Each structure stands twice: as C-alpha cells, then as structure tokens.
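Report on the following structure.
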Amino acid sequence: MLTAADAGDAAALLAAVPAGRRVALVDPRFVGHVHALRLGLTDPRFPAATVPGALTAQAEARPALVRALQRTTAAVGAGAPAAEPEAGADAAPQTGAERTTGQTVGQATAPAADPAAEDPTLPGRVAAALDAEGTPVHRPALGSLVAAVPADAEQEAAAVAGLTSVDDEAVRLRSAVKAHDGFFTTFCISPYSRYIARWCARRGLTPNQVTTASLVTALVAAGAAATGTRGGYIAAGLLLLVSFVLDCTDGQLARYSLQYSTMGAWLDATFDRAKEYAFYAGLAIGAVRGGDDVWTLALGAMVLQSCRHVVDFSFNEANHDAVANTSPTAALSNKLDSVGWTVWARRMIVLPIGERWAMIAVLTALTTPRIVFYALLVGCSLAACYTTAGRLLRSLTRKARRTDRAALALADLADSGPLAQAVAAVAPGLRGAFTVPAAALLGALVMVSSALFLPYGSWLTVAAAGVYVLLSGLAVARPLKGALDWLVPPVFRAAEYVTILVLAARSDVPHAVPAAFGLVSAVAYHHYDTVYRIRGGTGAPPGWLVRTIGGHEGRTALVAVLAAVLTHASGFTTALTALAVAVALVVLVESIRFWVSSSAPAVHDEGELA
-8 MLTAADAGDA AALLAAVPAG RRVALVDPRF VGHVHALRLG LTDPRFPAAT VPGALTAQAE
52 ARPALVRALQ RTTAAVGAGA PAAEPEAGAD AAPQTGAERT TGQTVGQATA PAADPAAEDP
112 TLPGRVAAAL DAEGTPVHRP ALGSLVAAVP ADAEQEAAAV AGLTSVDDEA VRLRSAVKAH
172 DGFFTTFCIS PYSRYIARWC ARRGLTPNQV TTASLVTALV AAGAAATGTR GGYIAAGLLL
232 LVSFVLDCTD GQLARYSLQY STMGAWLDAT FDRAKEYAFY AGLAIGAVRG GDDVWTLALG
292 AMVLQSCRHV VDFSFNEANH DAVANTSPTA ALSNKLDSVG WTVWARRMIV LPIGERWAMI
352 AVLTALTTPR IVFYALLVGC SLAACYTTAG RLLRSLTRKA RRTDRAALAL ADLADSGPLA
412 QAVAAVAPGL RGAFTVPAAA LLGALVMVSS ALFLPYGSWL TVAAAGVYVL LSGLAVARPL
472 KGALDWLVPP VFRAAEYVTI LVLAARSDVP HAVPAAFGLV SAVAYHHYDT VYRIRGGTGA
532 PPGWLVRTIG GHEGRTALVA VLAAVLTHAS GFTTALTALA VAVALVVLVE SIRFWVSSSA
592 PAVHDEGELA
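Just so we're aligned, residue -8 is where the sequence shown starts under our numbering, counting upward by one.
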C-alpha cells in the first residue's frame, strides 16, 4: 500500500506498478464496512469497479485508468485530495482490501446520470471519466452496508453510526445465498449450507474443491444405486442429498469469498447435469441387477430434462435484449409476484433442481428405480407443459423486435451441421410469422414418427431423415427473429434425442439402449457447453467442432442409416458406442481447452431453478 500526496502523485505511483497487477485507488477518508471494499475491489469478473471513495482496475483496464486519472488530474488540479493507490496481486485480492478501513455491501446498481456528482472524490471522478471513455465500471449494490467519504464531522459521525448498526458479516452471509431459488433449497438447505460455506472459506477451501466433492459424492451415490440392493438404494438417496448440499455450498462459497474463476464456471455449469444423469444410469444398472430393465425410462427422463433446459435457454436468449419487450402475460406474472404464496407455488410447479433431487432421493430410498423414473417422467412432463405454455403465451402476446445478437444465439443453439447449412445456403428462406418453427416441427414429426411407426431398420426411415435434413435447412435459412423462432432449437433437440431413443429401444439388440444413453449424454454435454459459452459472451463453440460431430441433422441421419444397415446385429450397439465415444472425446477436449484458456469468461453460473 502506497500513500499519494495528491492526484498527480497518485498518477505517478500507479504508473510505476507492474502492468499485470490489479490496482486500487482508495480515498484516505474512506469510512465503511470491509465487505464494501471487498465487493468493490476484489471481484474478478469486472475489469473496473467502484464504491464511493474507492476504485479498482484489473490489468485490462489499467491503461484506461491511467488516462482517466491524467484527465481528472488536469481537470481538478494536481493538488486534489490525495488517495491511496493500492496494488495487490490477483492471487490474494482480499488482503489489500482488508488493509484499508471498511467494508460495504451494496448501493447503486447502475451508474447515476452524473457519477462524479454522486461521488465527488478522486476515485469517483476517475470512475466517471472511465465511463465517459467507454470503459464500463461496475458499481455493486451495497444495500445496508456503509461506504462513504465524509466531508465533515457530522457526516463522519453518521457513517460511523451506520457501521456499528449493521453486522456486515451477517449481510455477507445473507448475500452468499441466491436471491431467487426453489422452495426446498431456500428453506431446507440454505439456512445451514451458508455456514458450511463460511467454514470452508475460513479454512482456505475453494468453490472448485467443493464442486468436485459434490460430483464425487454423487458418483458414489450412483455406484450405491447400481448395487441394486435396498441398502444401496438408501445409501444412494442419502448421498444424493449430501451432494446437493455441497452443490449449494460451492456457489455460496464463491459469493461469500468472491472466488469466481473460469474453471469454476465450467465445473459448475456441467457437473450438475453429469451428477443427475450418472445417477439415472446407476439406477438403471441397479434395476437390471434386480431383474427389471428400465434403461429406456432412464434415457427418456434424461431426454425430457435436457429438452426442458433447452426450452429455457432458447427462450431466454431470444429475449435477452429484445426491444419494446411488453406482454400481458408477463404483467400478470409480475402481479402474481406480489402474492407471496403464488411465487413459491410457481417455483415448485417447475420441479426445480432442489425439489427434483429431493424427490429422486426419497423415492430411491423407499421405492424402486421404475417408480423413480415414472415420477420423474410425469413430474417433468407437467413442468414442461407449464413452462412452455407460459413462454408461448408471452411470445404470442408481446410486441418485441429481436436483435441480431438474439438471432445469432438461436442459430448457435440450433447446432446445424454441414447438411442443414448446405440446404440453407441455397434455400430462399421461409416467410411468414410462424413458418420457421412449423417447418422445424414438421421435420421433427416426420423423423420421430418414421422411427416409431415404420418397421425397424426400414430404408424409409433413412428417407425420412433426408426430409428432416431438408426441413432443418429451410428452418435456419433466414435469421431466427420471429415471435416463436426460439422453438427451433428445442424442436431439433427433441427430434435428435427421441429418434436415438426410439431406434435403440426398438432394435431389440442387447445393450443398444445403454449405448444410446451414452450417445445422448455426449451430445447433451455439447449442447450445454454451447449454452454456457453464449452466456459468458464468448459465442458458440468453433465451427469446425460442429462440422466434425455432424450437427443435429447429421447425427440423426447417421443413426437412421446405422439402424438400416445393422438390422438385427449386435453391430448397432457397437456403432452407437463408437459414435458416443467419438463425440465425447472431440467435445470434451475442445471444451476443456476453452474453459481453462484465458479467453473463457470469469463467471460463476448462478444456475436455473430447473
């Protein structure tokens, strides 16, 4: 920590700090909670951030900070009130913040019309200059926490009174819990998991370590379920609940200690699905050992849950930055939010992860795998109908113009391969408000119906796959900006997953459905990976990856061909297994390369209710 005599001295001291280090400007008169500074100065997700009286910049924002400070110095004079330029290594950012007085948790969530007028200190003026230059400055919401630079004794006394009246540690614990979560998580897990998170933070454990522990626990639970014994099922149910507690703890630990990382984003984004689907597989293996083959139900549950998520992802991306976004349905939902019990009822109806895992754990311990999957299929089907109906009503009643960014995100989520892209390149494009989703839905119905009703192994199913390829290309020939165009990606997902499920189930080839389970798992991972890359602002996976694994229409057509060529032969199982391994290897290698690279977004996924 270095103390500057005035603004000019601060500029000189900052210029001398090595370029790769985070720096902070803190007014020496700052009074506030330590957590206020922690929120403002140590969050790794933002290149620049500020709270009243303090400003930080990471390496990428350092040049802009120096320019802003020089302009501010020229404007207010080199003899402006001094600040403390603080340089701290990113590896231990909290140390520097805690050396400076104070701690605060919330205040403005967005810049004021004139940030410099709101915070006239040197750090505040520099933050305003950064905003004016085009460098976004994050201003964390502080709520009841104090962060102030008192100008006189009266203001100082008020700030000190605010310090003593607010327990910042209690605020920090509360803010570690997501504001919007499911009923089970909110009332049965978070009341004590936040203290587990604090215990982990005080012992130097990282969110990634807790996330990994949650995965290991879930895999052990899946192994226990795979034993097929009542004792194994009871142990599996208990371990699944422990895994969920750890799953809640890792996010709370990240928010409590502000430990956000690229690796954490990847782990948190993918492990939830890996844990749940591995548990499905464990239940199916255990059921087979007990004489009951439920692999088709397990794959059906995975397909249904994955398609539910794609509906959520696609709708949210389509409306992420919609212009003139209005809807009577949304207005009604907002009115219902004022009635407390309806909020919790609607959150439970969608069967979010907490309720779903609790149901799976209890039914695993007390009943059979078949009953578990029946309950999942019924519950998730009702939830899917509820959420999809609501999204359809909002889309049909809202008046919004979707942006190029939304259309690009939907195109990426569609996962069109070389075949569909070749059709789209020569097709004129469909016109009309609902023709695009209608074409996608027609193609999906043709594909799934042929797999379901035509004789297994028929070449007519391959012909239907050709029709599916054609209609898939027509659906993406124009930008997806229509009111219901967000339905295209989930329709494609359903067509591909259900076709694989139906053909494997109808093949009567030993172990074909478990092999199909592995293939859908690998493909679903690719689709989840695409979603979280888009959310991080880095775009979809590279085009070569989509071309290499064929796109949704290429994989669907390939499975149809394999079913026709390898009729009544164990080779179908071998082919599905080889395809699953190939897709998994390509997708995982590229995903790991991306998420551990410097270009990956430093975010921590907050997760969805579902």
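All residues carry an ideal CB built from backbone N, CA and C; glycine is no exception.
Keep in mind that this is a model prediction, so the values were computed, not measured.
CB contact flag (residue i, residue j, <8 angstroms)
i    : j    : result
T202 : D259 : yes
L290 : F425 : no
V117 : G134 : no
T521 : D395 : no
L164 : R189 : yes
I340 : L231 : no
G44  : D110 : yes
L295 : A349 : no
T287 : V439 : no
S234 : T208 : yes
V17  : A27  : no
V552 : V453 : yes
F21  : V137 : no
V427 : V482 : no
G255 : P360 : no
A2   : Q61  : yes
Y459 : A496 : no
A132 : Y247 : no
K472 : R389 : no
A397 : E308 : yes
A555 : S449 : yes
A39  : L32  : no
DSSP beta-bridge partners of residue i
i    : result
A555 : Looking at the DSSP assignment, A555 forms no beta bridge with any residue, so it has no partner.
A39  : A48
A139 : V22
H129 : A40
Contacting residues, own chain, Cβ-Cβ under 8 angstroms from residue i (five flanking each side not counted)
i    : result
G408 : V537, R538, I540, G541, G542, H543, E544, G545, R546
A144 : none
A418 : G464, L465, A468
Per-residue burial, residue i [other beta carbons within 10 Å of its own, 16 or more giving buried]
i     : result
L510  : buried
D303  : buried
Y519  : buried
Y183  : exposed
G273  : buried
M(-8) : exposed
W335  : exposed
W586  : buried
P127  : exposed
A53   : One point to set straight first is that residue 53 is Arg, not Ala, in the sequence displayed. Buried.
W535  : exposed
R347  : buried
A602  : Missing from the structure shown is residue 602; the chain here goes from -8 to 601 and no further.
A(-4) : exposed
V369  : exposed
E160  : exposed
F178  : exposed
G530  : exposed
G97   : Any answer about G97 is weak, because its pLDDT of 32 lies below 50 and its placement is not dependable; what the coordinates show is given next. So G97 ends up on the buried side.
A(-2) : buried
Own chain residues within Cβ distance below 6 angstroms of residue i, not counting five before or after
i    : result
D81  : At D81, the pLDDT of 37 sits below 50, so the modelled position is not reliable and the matter cannot be decided from this model.
Y523 : A260
A573 : none
T112 : D18, G44, V140
D0   : none
E581 : L536
S386 : A474, L475
T86  : Because the pLDDT of T86 is 31, which lies under 50, any placement of that residue in the model is unreliable, and the question is left without a value.
Cβ-based neighbour list, residue i, same chain, cut-off 7 angstroms, excluding 5 preceding and 5 following
i    : result
A104 : Below a pLDDT of 50, predicted positions are generally treated as unreliable, and A104, at 48, falls in that range; no measurement from the model is reported.
G11  : A50
F306 : R382, W477
C239 : T176, I180, S181, S184
L237 : V201, A204, S205, T208
Supposed contact pair residue j and residue i - C-beta distance, whole angstroms, cut 8 angstroms
i    : j    : result
V467 : H517 : In fact, because the Cβ distance is near 18 angstroms, the residues do not count as touching under 8 angstroms.
L665 : A442 : With the chain represented from -8 up to 601, any question about residue 665 goes unanswered, as that position is not in the structure.
N310 : S252 : Contact doesn't hold; Cβ gap of about 29 angstroms is too wide.
L462 : A430 : 5 angstroms
A571 : A515 : Actually they are not in contact, since the Cβ atoms of A571 and A515 sit about 11 angstroms apart, beyond 8 angstroms.
C298 : L342 : Actually they do not touch by this definition, with Cβ atoms about 14 angstroms apart.
A506 : L451 : Actually they are not in contact, since the Cβ atoms of A506 and L451 sit about 24 angstroms apart, beyond 8 angstroms.
A216 : F270 : 7 angstroms
V353 : G457 : About 46 angstroms; that fails the 8 angstroms criterion.
F364 : A292 : 5 angstroms
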